[in-house]
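Under numbering that gives the first Met the number 0, think of the first position of the sequence shown as 0, with each following residue one higher. Here the structure comes first, spelled out in structure tokens, and everything after it is commentary.
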Amino acid sequence: MSQARIVVDPRVMLGKPVIRGTRIPVELLLRKLGEGASLEELLDAYPRLSAQDIRAAMSYAADTLANETTVAVNDDGGE
């Protein structure tokens with residue numbers, strides 16, 4: 000299971016989700032991918048990672064968004 004590759008521990012990176020056995024936050028990987036980094040570039044930059052780790056980070060983010068609740072707030076100034 001890919002989620003086993005992601006760890007949340009308040010003693011590591013202030014509790015941000017990281018790749019197990021590293022201090023590499025899921026957020027960092029997603030930002031790099033969003034900026035156009037390729038899988039190969041990430042693997043070169045972070046040799047401790049595997050392709051499965053990066054896919055697990057993407058899956059974790061998708062699962063987190065899928066379970067997120069959005070609340071609409073009407074901010075019309077009280078009128």
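From the three backbone atoms N, C-alpha and C, an ideal C-beta is built for every residue, glycine too.
Report task. Grab me the residues of K31's own chain with a C-beta within less than 7 Å of its C-beta, minus the 5 sequence neighbours each way, in chain order. Result -> Closer than 7 Å at Cβ, skipping near neighbours: L41.
Query raised in the report: So what does P24 bridge to, in DSSP terms?
Result: V17
Requested in this report: Please report the residue range of the alpha helix (DSSP H) in which S58 lies.
Outcome: 50–65
**Report entry** Supposed contact pair R19 and V6 - C-beta distance, whole angstroms, cut 8 Å
**Finding:** 5 Å
Requested in this report: Report back the beta-carbon spacing between Q2 and A55 to the nearest angstrom; my notes put them in contact at under 8 Å.
Outcome: 7 Å
Query raised in the report: Exposed or buried, L48, counting other C-beta atoms within 10 Å across all chains shown (16 or more means buried)?
Result: buried
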